[in-house]
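One line per chain: the protein sequences are C and A, in this order.
Each residue of the first sequence is one higher than the one before, starting from 1 at the first, in this note's numbering.
Each residue of the second sequence is one higher than the one before, starting from 344 at the first, in this note's numbering.
In what follows, a structure is listed as C-alpha cells, so that the remarks can point back to it.
Protein chains: 2
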Amino acid sequence: MSKFPTIALDAMGGDIGPDVVLPAAVEIRKKYPELNLILVGQEDRLQADLASLGVKPDERLTIHHASQVVDMDESASSALRGKKDSSMRVALNLVKQGDADACVSAGNTGALMATGRFVLKMLPGIDRPAIISALPSMTGHSHMLDLGANVDCTSEQLFQFAVMGSVLSSVVDNVERPRIGLLNIGEEEIKGNERVKLAAQLISASKLNYVGFVEGDDIYKGGAADVIVCDGFIGNVSLKTSEGLARMVGHFLKQEFNRNILTRLMALVSLPVLKAFKRRIDARRYNGASLLGLRGIVIKSHGGADILAFGNAIEIAIKEIHQALPERINAELEGMMSTEQPA
Amino acid sequence: MSKFPTIALDAMGGDIGPDVVLPAAVEIRKKYPELNLILVGQEDRLQADLASLGVKPDERLTIHHASQVVDMDESASSALRGKKDSSMRVALNLVKQGDADACVSAGNTGALMATGRFVLKMLPGIDRPAIISALPSMTGHSHMLDLGANVDCTSEQLFQFAVMGSVLSSVVDNVERPRIGLLNIGEEEIKGNERVKLAAQLISASKLNYVGFVEGDDIYKGGAADVIVCDGFIGNVSLKTSEGLARMVGHFLKQEFNRNILTRLMALVSLPVLKAFKRRIDARRYNGASLLGLRGIVIKSHGGADILAFGNAIEIAIKEIHQALPERINAELEGMMSTEQPA
C-alpha cells in the first residue's frame, strides 16, 4: 500500500461512464490533493476524455487499460465468465493485488457483487457481501443493511449484518457503541417472522449494543438506531420506495409552483428556501453504498450518479481506507464468533 | 340489509376514540344524508359526546352499547378472549348478523384482523385477511396489498392477494382489467426469491392481467400497475418507510421556511402553493385500508386518524358496500380456482 490512499475507479461503469467518473476524479483531487486515483477503462477513450477536460495524467492520476465493459443489464454470470478484462474486474484486481486500497464503481450491482466476491473473496464466516448505505433522518443519519445483496437471509446472516454494520458505524461516524435495531413490523398478532425473532436473540446475546425492533417509520424519524438491519429484499424495496416517494414529492412541489404566473412568481421569491430544501433532501449527498464482508473495500455508486454524487462515493472509500474497515470488521467478527457465538 | 347502506362505527377505537369518530360521523351525514350509522361503544359516553356536538341520535344515527374497549397495544388473543363486549367486536357482530353492511374501526390492527376473522369468517379458499390500501402516485394511484396482515406468505397466498386486489381495483376504480404487478427487487444475480418467482407463474397462468415484476420505485412513479402485490412484511415496511420519509420531507420544508424572518416572509408569500402542495401529499386522503378475504366489509382506519381521515375511511366502506365487494371477490375466486387453478 502506498503512503496515501490509492483508489481504482471503474471509469466505464454506470449509465454515463467516463463523462461522470473523469470529472468527478478531477474534482475530488482538488479536495484531497494527496489522493492517488487509477482510472480503469479503455485507454484511448480515457486519454482523450481527460485531455478534453484539460487534464493530463500524472503520478497521482493514472490510466490503467481494460478492454471490456460490463453492461448495466448484463447478468452477473455473463460478466464473470465473459468479461475478464472489464474495467470493473480489472479495478477489483488492482485491489486484490494491493495496487489500490479500494475500488469505486457505478456499474451493475449484481456483477459488482459477484465479481467482487470472486476476485477479493469473503471474510471468514461471511457468506455473501451485504450492501450498506447511510440514509438521512430528522436527527442525522443511520446506516441500513442489507439493501439488496441477499434475499431470504438466515438469522445468522442478519446477525453478521449487525456485526458488520456496527463496525462500519463506529468507524465512519466515530460512535463508540452504535445502537443496532432490527427492522420488523408492529402488528401485534404477527410480530415478525421466525427468522427475525431468532436474529433478535442472536444479536441481543452478543456484545453488540442491541436496541430492539425498529419499524419502517423509524428509518427517517431518526433517533431509534445507528444501524438498521434487515433482509436484502426488504432493504431494497424500502430504499427504492423511498427513491420513488422522494421523486413524487419533488414532482408535486414543482408542479404546484409551476401552476401559473402567480405561483411561478412565488417560486422566484422563495427560491433561496427551495434551494436549501432541495439540498437537504439531495440523494446525491448519500450516494455510495459499501459492499461489506469482502476482503477489500468496494463502493457501489448509483448507476445514474452525477459528478457530485460519484465524488461522494469516492469520499466514502477514502474514509473506509483510513479506518481499515475490512480488517476491523474481520477482527470484530473473530471476537464475536469466538466469545459469544461458539460454533 | 336496509335499502340504504348501514355502517357500524367502532366509536371507541383509535388513539383518540369518540372525539374523532363522532364528529366524523356527523360530518359524513352531510355528504351522504341517506347513510345509516351505528355508533358502537359506551352508551353514556357517546350520548353525552353527541349532545356536546349539538346532535341527537335519530333513526339514521343510532347508538349501540358495548361495555368494553380494546386497547391500542392489547394483544389480539387477549382482545379475542377477554373483550367479548368490546366496541370492535360488537361492531363486527352487527355486520355478521346483517344489521350493518360494513364496519369501520381505527382500533388495533392485530385485534381487528383476529376478531374480524373469528366473527365474520374467511371466504372459501382464503387463509387470512389481507390489508389493502390505495397509494398516491405521480399519475394517479394504485392499490397495494398485503400491508402487514401476513408475514412469510406462500406463493398461493400472493396469488390470492392478486385475485382480491384485482376485484377491488376494478370495483373501486371502475377499471375493466386491472394491471397486476408483483413487487420484486431488480438485482440481476438474485432476482427475487423462490416464492415470488412461483407466484409470478401462478398469476401469469391465470386470467388476471399480469404485467410482471415492479420495483419499489414504481409504487409512487405510477403507470406500472393498478395493483401491487407483496408479502405483508414487505408491504408494511414499505408503507411505514413512506410515512416516515413523508414526515421528514415535510419537516425539512417547514424548517427551511422557518429559518429566519426573511424565509418566513417567503413562506407567507408562497402560502397558497404550500397549502396546495400539502393537500397533494395529505395522507389523510388515503386513509382507510380494507381487510380483504373476510365474509364482510371491514375498513381499518389509521389509529391516529383525524375527522377528515376517518371520514375518508367511511367513504371507502360506502363504495365497497355499493359494489358488494366480498361477494364479487368470492365469485372471482371461485372462477379462478375452478378454471385456471384446479385443486
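Note that beta-carbon positions come from the ideal geometry of N, C-alpha and C, so glycine has one too.
Owing to the predicted nature of the structure, the values given are computational and were not obtained by experimental measurement.
Fill in: Cutoff 8 angstroms: Gly491 of chain A Cβ touching any chain C Cβ
At least one chain C Cβ lies under 8 angstroms of Gly491 of chain A.
Worksheet item: Considering only residues of the region 102-176 of chain C, which uninterrupted beta strand (DSSP E) runs meet the minimum length of 3 residues and lie entirely inside it, listed in chain order?
Response: List check, beta strand (DSSP E) in window: 102-105, 130-137, 140-145.
Discussion item. Out of A:Val592, A:Leu526, A:His594, A:Asn603, which one is the CA nearest neighbour of Ala568 of chain A?
Written reply: Out of A:Val592, A:Leu526, A:His594, A:Asn603, A:Leu526 has the C-alpha closest to the C-alpha of Ala568 of chain A.
Worksheet item: Looking only at DSSP bridge pairs, what is Val229 of chain C linked to?
Response: DSSP output for Val229 of chain C lists C:Leu145, C:Leu182 as bridge partner(s).
Worksheet item: Mapping DSSP to helix, strand and coil, what is Ile624 of chain A?
Response: Per DSSP, reduced to three states, the secondary structure at Ile624 of chain A is coil, with no helix or strand assignment.
Item to complete: Please check if any C-beta of chain C sits within less than 8 angstroms of the C-beta of Ile642 of chain A.
Response: With 8 angstroms as the cut-off, Ile642 of chain A does not count as an interface residue toward chain C.
Practice prompt. Using a Cβ cut-off of 8 angstroms (strictly closer), state whether Arg81 of chain C contacts chain A.
Written response: Interface residue (Cβ-Cβ distance to chain A less than 8 angstroms): Arg81 of chain C is not classified as such.
Worksheet item: Who pairs with Val383 of chain A in a beta bridge, going by DSSP?
Response: According to DSSP, which records beta bridges pairwise, Val383 of chain A is partnered with A:Asp353, A:His407.
Item to complete: Please name the residue in C:Ile180, C:Ile261, C:Gly14 whose C-alpha comes closest to that of Val211 of chain C.
Response: Closest in C-alpha terms to Val211 of chain C, from the list C:Ile180, C:Ile261, C:Gly14, comes C:Ile180.
Worksheet item: In chain C, which residues lie less than 8 angstroms from Asp560 of chain A when you measure between Cβ atoms?
Response: By Cβ distance, chain C contributes Lys240, Thr241, Glu243, Gly244, Arg247.
Worksheet item: Does the beta carbon of Val229 of chain C come closer than 8 angstroms to any beta carbon on chain A?
Response: Answer no: the Cβ-Cβ gap between Val229 of chain C and chain A never drops below 8 angstroms.
Worksheet entry | 9 angstroms Cβ cut-off: residues of chain A touching Val40 of chain C | The contacting residues do not exist; Val40 of chain C stays about 21 angstroms from chain A at best.
Worksheet entry | Exposed unless 16 or more other CB atoms sit within 10 angstroms - verdict on Asp574 of chain A | Buried, since its Cβ has 16 or more Cβ neighbours within 10 Å.
Worksheet entry | Buried versus exposed, by CB contacts within 10 Å (16 or more), His64 of chain C | By the 10 Å Cβ count, His64 of chain C comes out buried.
Worksheet item: What residue range is occupied by the uninterrupted alpha helix (DSSP H) comprising Tyr210 of chain C?
Response: The continuous stretches of alpha helix (DSSP H) do not include Tyr210 of chain C, which lies in the beta strand (DSSP E) extending over residues 209-214.
Worksheet item: What's the gap between the Cα of Ile321 of chain C and the Cα of Val119 of chain C?
Response: Roughly 18 angstroms between the two C-alpha positions.
Discussion item. Is there a C-beta anywhere in chain A that falls below 8 angstroms from the one on Phe213 of chain C?
Written reply: False, the Cβ-Cβ gap to chain A never drops below 8 angstroms.
Worksheet item: Any residues in the region 125-158 of chain C with a beta carbon nearer than 8 angstroms to a beta carbon of chain A? Which ones, in chain order?
Response: If you check each beta-carbon in the region 125-158 of chain C against every beta-carbon of chain A, the ones closer than 8 angstroms belong to Pro136, Ser137, Met138, Gly148, Ala149, Asn150, Val151, Asp152.
Worksheet item: What do you get for Pro178 of chain C, buried or exposed, if any count of 16 or more other CB atoms within 10 angstroms of its CB means buried?
Response: It counts as buried.
Worksheet entry | Bridge partners - Val641 of chain A, DSSP secondary structure assignment | DSSP output for Val641 of chain A lists A:Cys446 as bridge partner(s).
Item to complete: Find the nearest neighbour of Ala24 of chain C within the set C:Arg328, C:Ala324, C:Gln323, C:Ala305, judged by alpha-carbon distance.
Response: Closest option to Ala24 of chain C, Cα to Cα, is C:Ala305.
Worksheet item: Can you name the residues of chain B whose CB is closer than 7 angstroms to the CB of Ala445 of chain A?
Response: Chain labels in this structure do not include chain B; the protein chains are C and A.
Worksheet item: Per the contact definition of three or more C-beta pairs closer than 8 angstroms, is the region 610-628 of chain A in contact with the region 246-255 of chain C?
Response: Yes: at least three Cβ pairs fall under 8 angstroms.
Discussion item. At the level of alpha carbons, what is the spacing between Lys84 of chain C and Lys275 of chain C?
Written reply: In this model, Lys84 of chain C and Lys275 of chain C are separated by some 44 angstroms (Cα to Cα).
Worksheet entry | Local Cβ density within 10 Å of Gln157 of chain C, reported as buried at 16 or more and exposed below that | Classified as buried, Gln157 of chain C has 16 or more neighbouring CB atoms from the shown chains inside 10 Å of its CB.
Discussion item. Just to check my reading of the structure: Ile528 of chain A and Gly303 of chain C have Cβ atoms closer than 8 angstroms, yes? What is that Cβ distance to the nearest angstrom?
Written reply: Going by Cβ atoms, the distance from Ile528 of chain A to Gly303 of chain C rounds to 15 angstroms, so no, they are not a contact pair.
Worksheet item: Where Gly360 of chain A and Gln160 of chain C are concerned, what is the direct C-alpha to C-alpha distance, given to the nearest angstrom?
Response: So the alpha carbons of these two residues sit roughly 44 angstroms apart.
Item to complete: At 7 angstroms on the CB atoms, spell out the chain A contacts of Val273 of chain C, in chain order.
Response: Contacts between Val273 of chain C and chain A, judged by CB atoms closer than 7 angstroms, involve Glu599, Phe600, Thr606, Met609 in chain order.
Worksheet item: At a cut-off of 7 angstroms, is Ala367 of chain A close to the ligand ADP when judged by its beta-carbon and the heavy atoms of the ligand?
Response: In terms of ligand content, the structure shown is empty, and the ligand ADP therefore cannot be addressed.
Worksheet item: By the criterion of Cβ-Cβ separation under 9 angstroms, what are the contact partners of Ser448 of chain A in chain C?
Response: The premise fails here: Ser448 of chain A is roughly 14 angstroms from chain C at the closest Cβ pair, so nothing lies under 9 angstroms.
Fill in: Val612 of chain A: contacting residues in chain C (beta-carbon distance under 9 angstroms)
Within 9 angstroms Cβ-Cβ: Leu265, Met266, Val269, Ser270.
Fill in: Reduced DSSP category for Ser238 of chain C - H, G, I as helix; E, B as strand; rest coil
Taken through DSSP and simplified to helix, strand or coil, Ser238 of chain C comes out as helix.
Worksheet item: Using a Cβ-Cβ cut-off of 6 angstroms (strictly less than) and excluding sequence neighbours within five positions of Thr6 of chain C, which residues of its own chain qualify?
Response: So the list reads Asn36, Ala100, Asp101, once near-sequence residues are dropped.
Practice prompt. Report yes or no: is there a C-beta of chain C within less than 8 angstroms of the C-beta of Leu541 of chain A?
Written response: The beta carbon of Leu541 of chain A does not come within 8 angstroms of any beta carbon belonging to chain C, so the residue lies off that interface.
Worksheet item: With DSSP run on the structure shown, which of helix, strand or coil describes Ala667 of chain A?
Response: For Ala667 of chain A, the three-state secondary structure derived from DSSP is coil.
Worksheet item: On the three-state DSSP scale, how would you describe Leu676 of chain A?
Response: Leu676 of chain A sits in a helix when the DSSP states are folded into three classes.
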